[in-house]
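Those letters in the sequence shown? Residues 147 to 615, per the numbering used here, in order.
Ideal Cβ placement from N, Cα and C applies to all residues, glycine included.
In what follows, a structure is listed as structure tokens, so that the remarks can point back to it.
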Amino acid sequence: MQNGQGNNRDMISVYNPVDGSLVGTVQAGTAHDVDEAVRETGDAFLSWSRTDPPERSKILFSAAGRIRADQKNLATLLTREQGKPLKESMNEIAGFARVLEYYASISGMLRGDYGVSRQYGHMMVRREPIGVCAAIIPWNLPALIMSWKIGPVLASGNTMVLKPSSTAPLTCLALVGHLYEAGLPPSVVRIVTGSGDEVGEALARHQDIRALSFTGAVRTGIRVAEIAAPTLKKTILELGGSDAMIVCQDADPDLAAKGAVSGRFFNCGQTCTAIKRVFVDKKISDQFIRRVCEYAGALKVGNGLEKGVDMGPVHTMSQRDALHSQVEETITREMATVLCGGTLPDSSSCMGSFYHPTILTDVDPDAPVMNNEVFGPVLPISTFDSLEEAITRANATRYGLGASIWTHDMRIISKATEELKAGIVWVNQHLRIPPEVPFGGTKFSGIGRENGRYALEQYLEEKTILIQP
Ligand code: TXE
């Protein structure tokens, strides 16, 4: 097992959110395991950083091929431990392979610089990998988010210690297994499974880790940044969002309704850039809301391994309880009208942590579902009279991850893309994240960017060399 050491270790059980059955166990790692993993990956750094980029690419391409060949098994495991429908797991595994392929194809692309001056001679800038990097991965998209971290780190010649979430670590372990089989020396990437308090904090605290990429809750990210600060490691934080979708008068209400339903209920609503608040022009709101209810009502909720299922359970009971209390408080305080959902399924007939697709309208701007991240299948819809009002309300959150505007009017697109405070702004689409472009948020959604060549920059440092001939 990846934690390395001996027997008699404490174990963590991983349960299927559909029925609470056991899917597997992993070791509860310790700070000592982190020390060992950092030492090993530190020892491997010199050789991996000096491996020619095409050689590194070969391994990443080969791993991606193996993962594609094993897609169904990996996706089944992901569905069993995470809860999402198999079709989404299949896409996520393909997404992991695609990100590896992307970084394999640009490995070595970020070259240095050169100039010459009479006064200083030859001026060179080398871009060097920084050393051992760490990643802390959440449970909502464990494979995809792992690829955003491991891809640029390996392609740029760094080594890595990874900590998956303790409730969804199994797919991450299996994926790393494929990297080893593709020829990656095991000491280049080590996984330490375990709790955030023990393993996560040991990574943040470790002085030999030079960069740490974290995805998770705001409060955890702030804690990680505080612990990491005295070691001056680069800290990249992706902390979720409360993405707004603005539907303008000229938008196709049907297309927008389909977009709202897929952008909210994908992954049971547990996606950082899911649509978490909709603002629709009053003039088309009746038509739009009717369609949203129809499409949401047609979603088949159930065991993600069963055919035709569109939405699985919330990942854990505690996540579901937190979600339900946000909704309950909003309803009890009469801060919204419930169009569908908003209740817990009957526990006598349903073992899993399911939650009905929920749609709320007439939502008070101060309602809990408008001010905190809603990490589950709940869609609050509000109406607006003017674009200015919609943009102001979309920006009235501490988050700034994504936002979308649905219109074909170029003047509106130009204004909205400039004024929406978000790391990514979509037009007539939402929740699409290609590996080629940067991804990350402003305000409390985080610091730094993943994806694209920008991610390589996070893991490289410039060294200036001045040669007087
Ligand atoms: O997150 P945590 P949780 C948001 C979402 C969700 C809420 C809580 O709103 O409802 O966070 O989810 C590790 N030091 N997002 O509690 O705890 C932990 O083991 C270091 C949004 O699951 O932040 C896991 O590997 N690490 C988000 C990872 O941090 C620690 C995705 C995330 O867990 C730690 C997930 C500590 N002290 C949740 N404590 C997104 N950005 O999309 C925990 N961890």
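Exercise. Among all the DSSP beta bridges, which residues are the ones paired with residue 279?
Worked result: 306, 357
Problem set entry | Contact belief for residue 271 with residue 608 at Cβ below 8 Å, rounded distance in angstroms | 5 Å
For this session: Could you work out which residue in 428, 580, 183, 485 is closest to residue 440 when comparing CA atoms only?
Result: 485
Problem set entry | Which residues DSSP lists as bridging residue 411, in chain order | In DSSP, residue 411 forms no bridge with anything.
For this session: Look up residue 483 in the DSSP assignment and give the residues it is bridged to.
Result: 507
Exercise. Any chance the region 202–209 sits against the region 296–304, with 3 or more Cβ pairs inside 8 Å?
Worked result: yes
For this session: Confirm the yes/no value for this check: CB of residue 465, any heavy atom of ligand 1, distance under 8 Å.
Result: With a threshold of 8 Å, the Cβ atom of residue 465 counts as near ligand 1, since some heavy atom of the ligand is closer than that.
For this session: Using 8 Å as the cut-off, classify the Cβ of residue 332 as near or not near the heavy atoms of ligand 1, replying yes or no.
Result: no
Exercise. Cβ atoms of residue 411 and residue 331: under 9 Å apart, would you say?
Worked result: no
For this session: State yes or no: is the C-beta of residue 460 within less than 9 Å of the C-beta of residue 229?
Result: Yes. Within cutoff.
Problem set entry | Within 9 Å, strictly: CB atoms of residue 524 and residue 487 | yes
For this session: State the beta-bridge partners of residue 491 as determined by DSSP.
Result: Partner(s): none; residue 491 has no beta bridge.
Exercise. Grouping DSSP H, G and I as helix and E and B as strand, with all else coil, what is residue 497?
Worked result: Residue 497 sits in coil when the DSSP states are folded into three classes, being neither helix nor strand.
For this session: Could you spell out the range, first to last residue, of the alpha helix (DSSP H) harbouring residue 285?
Result: Careful: residue 285 lies outside any alpha helix (DSSP H) and carries neither H nor E.
Exercise. Straight-line CA distance for residue 149 to residue 192?
Worked result: Because residue 149 sits at a pLDDT of 41, beneath the cut-off of 50, its placement in the model cannot be relied upon, and the following sentence gives the value as read from the coordinates. Near 23 Å, if we compare the C-alpha coordinates of residue 192 and residue 149.
For this session: Report back the beta-carbon spacing between residue 169 and residue 160 to the nearest angstrom; my notes put them in contact at under 8 Å.
Result: 5 Å
For this session: Kindly list the residues whose CB is nearer than 8 Å to the CB of residue 276, restricted to its own chain and excluding five residues on each side of it in sequence; keep chain order.
Result: Within the same chain, residue 276 has close Cβ partners 304, 356, 357, 380, 605, 606, 607.
Exercise. Within the present structure, is the beta-carbon of residue 411 separated from the nearest heavy atom of ligand 1 by less than 8 Å?
Worked result: No, since every heavy atom of ligand 1 falls outside the 8 Å radius drawn around the Cβ of residue 411.
For this session: Verify whether the separation of the beta carbon atoms of residue 422 and residue 526 is less than 9 Å.
Result: yes
Exercise. Any heavy atom of ligand 1 closer than 8 Å to the CB of residue 418?
Worked result: yes
Exercise. What residue does the alpha helix (DSSP H) around residue 556 start on, and which one ends it?
Worked result: 556–565
Problem set entry | Inter-residue spacing [alpha-carbon to alpha-carbon] between residue 492 and residue 475 | 20 Å
Problem set entry | beta-carbon residue 286 near ligand 1 non-hydrogen atom, thresh 8 Å | yes
For this session: Go through the region 316–342 residue by residue and report every complete run of the beta strand (DSSP E) that reaches 3 residues or more, in order.
Result: 335–337
For this session: Would you identify the three-state DSSP class for residue 443, choosing helix, strand or coil?
Result: helix
For this session: List the endpoints of the continuous alpha helix (DSSP H) containing residue 236.
Result: 232–252
Problem set entry | residue 551 to residue 581 span [Cα, whole Å] | 22 Å
For this session: State buried or exposed for residue 267, treating a residue as buried only when at least 16 other CB atoms are found within 10 Å of its CB.
Result: exposed
Problem set entry | Which of helix, strand or coil DSSP assigns to residue 151 | Confidence in residue 151 is poor, its pLDDT being 44 and thus under 50, which makes the residue's placement too unreliable to answer from.
Exercise. Where residue 212 and residue 397 are concerned, what is the direct C-alpha to C-alpha distance, given to the nearest angstrom?
Worked result: 43 Å
Exercise. What do you reckon, is the C-beta of residue 370 under 8 Å from a heavy atom of ligand 1?
Worked result: yes
For this session: Could you check the C-alpha separation between residue 218 and residue 528 for me, to the nearest Å?
Result: Spanning the alpha carbons of residue 218 and residue 528 requires a straight line of approximately 40 Å.
Exercise. Beta carbon of residue 254, beta carbon of residue 200: below 9 Å?
Worked result: Yes, the pair counts as a contact, with Cβ atoms nearer than the cut-off.
For this session: Leaving out five residues on either side along the sequence, give the residues of the same chain with a beta carbon under 7 Å from the beta carbon of residue 508.
Result: 482, 483
Exercise. What does a CB cutoff of less than 6 Å around residue 155 pick up in its chain, not counting 5 residues either side in sequence?
Worked result: 173
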